Amino acid sequence: MGDLLIIAIGSALVNNVVLSQFLGICPFLGVSKKVETAAGMGGAVVFVITIASFVSGIVYKFILANKAIMGGKLVYLQTIVFILVIACLVQFVEMFLKKSMPALYQSLGVYLPLITTNCAVLGVALTNVQKEYTILSGVINGLGTSVGFLIAIVILAGIREKMEYNDISESFQGTPIVLITAALMAIAFFGFSGLI
Amino acid sequence: MNQYTERLYNGIIKENPTFVLMLGMCPTLAVTTSAINGLGMGLSTTVVLVLSNLMISLLRKIIPDSLRIPAFIVVVASFVTMVQFLMEGFVPSLYDSLGIYIPLIVVNCIILGRAESYASKNPPLPSIFDGIGMGLGFTVGLTAIGIVREVIGSGKIFGFQLLPLADASTGQAGYVPVTIFILAPGAFLVLAGLTALQNKVKNNAKKKGKKVTETVGCGEGCAACTNSACGGKIFPTGNEKE
Numbered sequence: 219m220g221d222l223l224i225i226a227i228g229s230a231l232v233n234n235v236v237l238s239q240f241l242g243i244c245p246f247l248g249v250s251k252k253v254e255t256a257a258g259m260g261g262a263v264v265f266v267i268t269i270a271s272f273v274s275g276i277v278y279k280f281i282l283a284n285k286a287i288m289g290g291k292l293v294y295l296q297t298i299v300f301i302l303v304i305a306c307l308v309q310f311v312e313m314f315l316k317k318s319m320p321a322l323y324q325s326l327g328v329y330l331p332l333i334t335t336n337c338a339v340l341g342v343a344l345t346n347v348q349k350e351y352t353i354l355s356g357v358i359n360g361l362g363t364s365v366g367f368l369i370a371i372v373i374l375a376g377i378r379e380k381m382e383y384n385d386i387s388e389s390f391q392g393t394p395i396v397l398i399t400a401a402l403m404a405i406a407f408f409g410f411s412g413l414i
Numbered sequence: 060m061n062q063y064t065e066r067l068y069n070g071i072i073k074e075n076p077t078f079v080l081m082l083g084m085c086p087t088l089a090v091t092t093s094a095i096n097g098l099g100m101g102l103s104t105t106v107v108l109v110l111s112n113l114m115i116s117l118l119r120k121i122i123p124d125s126l127r128i129p130a131f132i133v134v135v136a137s138f139v140t141m142v143q144f145l146m147e148g149f150v151p152s153l154y155d156s157l158g159i160y161i162p163l164i165v166v167n168c169i170i171l172g173r174a175e176s177y178a179s180k181n182p183p184l185p186s187i188f189d190g191i192g193m194g195l196g197f198t199v200g201l202t203a204i205g206i207v208r209e210v211i212g213s214g215k216i217f218g219f220q221l222l223p224l225a226d227a228s229t230g231q232a233g234y235v236p237v238t239i240f241i242l243a244p245g246a247f248l249v250l251a252g253l254t255a256l257q258n259k260v261k262n263n264a265k266k267k268g269k270k271v272t273e274t275v276g277c278g279e280g281c282a283a284c285t286n287s288a289c290g291g292k293i294f295p296t297g298n299e300k301e
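These protein sequence lines map, in sequence, to chains A and B.
In our numbering, each residue carries its 1-based index in the first sequence increased by 218.
In our numbering, each residue carries its 1-based index in the second sequence increased by 59.
Shown next as structure tokens:
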């Protein structure tokens, strides 16, 4: 139990997926203009990464690394298999939500297709394999990572909403000032490094 | 200028993926802690880009239109896996320092973007040159950012001590490295500086009435992005708004 807590806190705060590992920069910069949409994107990412780390964990343990199939030699196919699994999974989740949970689909639906190319999803699946996590700790790692993404994108969106009325010099308008904000957030997140 | 040198010029200068189009931001920020890492990442991406452009261009009449993106992903992922094993075997130190970002070349917008917008419509030879141009443009971008961060952050360039360091114990005067530049925030700061510079150049060009290439990458928001790799059109869902 303690191990799982350390994995969760480590992936959410200490090694924050955006601010220290630089995964998922595209949605972090692109969908952070308003707190509401940022929270929607973050929620969808939490949903997809958690499921994707579970499914990729199962595929890895029972198919790729299974000694009964080709003596466990299929491990080298992990990158190809994971990206296809994730792409199909996102499609599947979208269809499932649309049919059975229309309310949730209304709030997350528009963000789901954007997530396939979010490198954080593939990144988490590969990290789980690299660190030899079990399926459970892999899911916890996925959950922690995606909650870290949610925290970071909501904070950035909050700051950007406040910044909208500031007088920013012409060259720094748009992306540059957002990047500087992200840099300051990354410095702030260094404060968590003593936690574990 | 024939079409091959035109492709090289287009990739390296006119539509430089890092500085002009702002594509592939994740590796750009993550691996540029030193010039050699940036160069290594740039070159491995170039190799994947050239090979996948060639393969996709050869297969362009066979791949059905509705299945093209999944097919591209499989081609790219196969080459990435090959490059990954070659690097693990021949340059283990670079492999260790780039780590997870090597398999993540698969989801680099530049590669799928070039496959979709160039290689799937053009014959093999120009596609190869397009790949070389774009890849070298990316390499130049990453190496430049890596050099800036390495010089400011540790006083070194390609691992060679450029600026003599100050030594407190002997009282020798010298350069005091700004360590934050090789840590995570430094990546954001350097990129912020570079995009501000780019904005300045663009604004000046606009004032003089010149036409400028607009950013198509993720900096302007994935939803608005014209790059098919970003726009969530990986598998058509049938409910995109037309």
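Built from N, CA and C at the ideal position, the CB exists for glycine as well.
Bear in mind the structure is a predicted one, so any value in this text is a computation, not a measurement.
Check	Outcome
Option nearest N234/A by Cα separation, candidates A94/B, N258/B, A243/B and V260/B	A243/B
Cutoff 8 Å: L176/B Cβ touching any chain A Cβ	The sequence shown places Ser at residue 176/B, rather than the Leu named in the question. Answer no: the Cβ-Cβ gap between S176/B and chain A never drops below 8 Å.
Collapsed DSSP secondary structure at I414/A in the structure displayed	coil
N262/B: contacting residues in chain A (beta-carbon distance under 9 Å)	E388 and S389
Within chain A, the residues that P129/B reaches when beta carbons sit closer than 8 Å	L302 and A305
Three-pair Cβ contact test at 8 Å for the stretch 394–411 of chain A versus the stretch 246–256 of chain B	yes
L354/A, buried or exposed, once every other Cβ within 10 Å from all chains shown has been counted against 16	exposed
Among I72/B, L88/B, R66/B and P76/B, the one whose alpha carbon lies nearest that of S238/A	L88/B
Chain B within 8 Å of T363/A, Cβ atoms only	no
Neighbourhood of L330/A by C-beta, 8 Å cutoff - its chain only, sequence neighbours within 5 removed	A262, V266, V308, V311, E312 and L315
Length of the line joining the Cα atoms of G278/B and F247/B	Note that G278/B scores a pLDDT of 40, beneath 50, so its modelled location is shaky; the value from the coordinates is reported in the next line. Going from the Cα of G278/B to the Cα of F247/B covers about 13 Å.
Cβ-Cβ distance between K96/B and S179/B below 8 Å	A quick correction: the sequence has Asn, not Lys, at residue 96/B. Contact flag unset, no.
Members of the stretch 396–409 of chain A that neighbour chain C once the beta carbon cut-off is set at 7 Å	You won't find chain C in this structure, because its protein chains are A and B.
Spatial distance of A12/B from Y160/B (CA atoms)	One cannot answer for residue 12/B here, as it falls past the ends of chain B, which runs 60 to 301.
Proximal chain B residues relative to Y294/A, where beta-carbon distance stays under 8 Å	T140 and F144
Three-way DSSP call (helix, strand, coil) for L88/B in this model	helix
Through-space distance from I204/B to S78/B, alpha-carbon basis	The amino acid occupying residue 78/B in the given sequence is Phe; Ser does not appear at that position. Straight-line Cα distance between these residues: approximately 10 Å.
Exposed unless 16 or more other CB atoms sit within 10 angstroms - verdict on A232/B	exposed
Coil, strand or helix - K291/A by DSSP	helix
Given S411/A as reference, the closest of L231/A, G289/A, D221/A and E382/A once Cα atoms are compared	L231/A
CB contact below 8 Å: K259/B versus chain A	yes
For F240/A, three-class secondary structure by DSSP	coil
Members of the stretch 71–90 of chain B that neighbour chain A once the beta carbon cut-off is set at 7 Å	M84, C85, L88 and A89
Contact under 8 Å by Cβ, N262/B with S389/A	yes
Whole runs of the alpha helix (DSSP H) within the stretch 91–162 of chain B, excluding any shorter than 4 residues	94–117, 127–149 and 151–157
Inter-residue CB distance, T399/A and S229/A (contact presumed, cutoff 8 Å)	Contact flag wrong, Cβ pair sits at about 23 Å.
Close beta carbons around L117/B, own chain, < 6 Å, minus the five adjacent residues each side	P183
Interface partners of F247/B on chain A, CB under 8 Å	L397, I398, A400, A401 and A404
Short Cβ contact (8 Å threshold) for M173/B with G196/B	Note on identity: in this sequence residue 173/B is Arg, with Met being the wrong assignment. No, they are not a contact pair.
Contacts that P331/B makes with chain A (C-beta to C-beta distance below 7 Å)	There is no way to answer for residue 331/B, as the model of chain B reaches only from 60 to 301.
Minimum Cβ-Cβ distance from I243/A to chain B less than 8 Å	yes
Spatial distance of T296/B from F131/B (CA atoms)	For T296/B, the pLDDT reaches just 37, beneath the cut-off of 50, and the residue's location in the model is therefore unreliable, although a value from the coordinates is still provided. Each residue's alpha carbon lies about 18 Å from the other.
A401/A: first and last residue of the uninterrupted alpha helix (DSSP H) it sits in	T393 to F407
Outcome for T352/A when other beta-carbon atoms lying within 10 angstroms are tallied against a minimum of 16	exposed
Alpha carbon of G299/A to alpha carbon of L108/B, nearest angstrom	It is worth fixing the name first, because residue 299/A is Val in this sequence and not Gly. Whole-angstrom Cα-Cα distance: 20 Å.
Beta-carbon proximity list for V139/B, same chain, < 8 Å, skipping 5 on both sides	V107, I161, P162, I164 and V165
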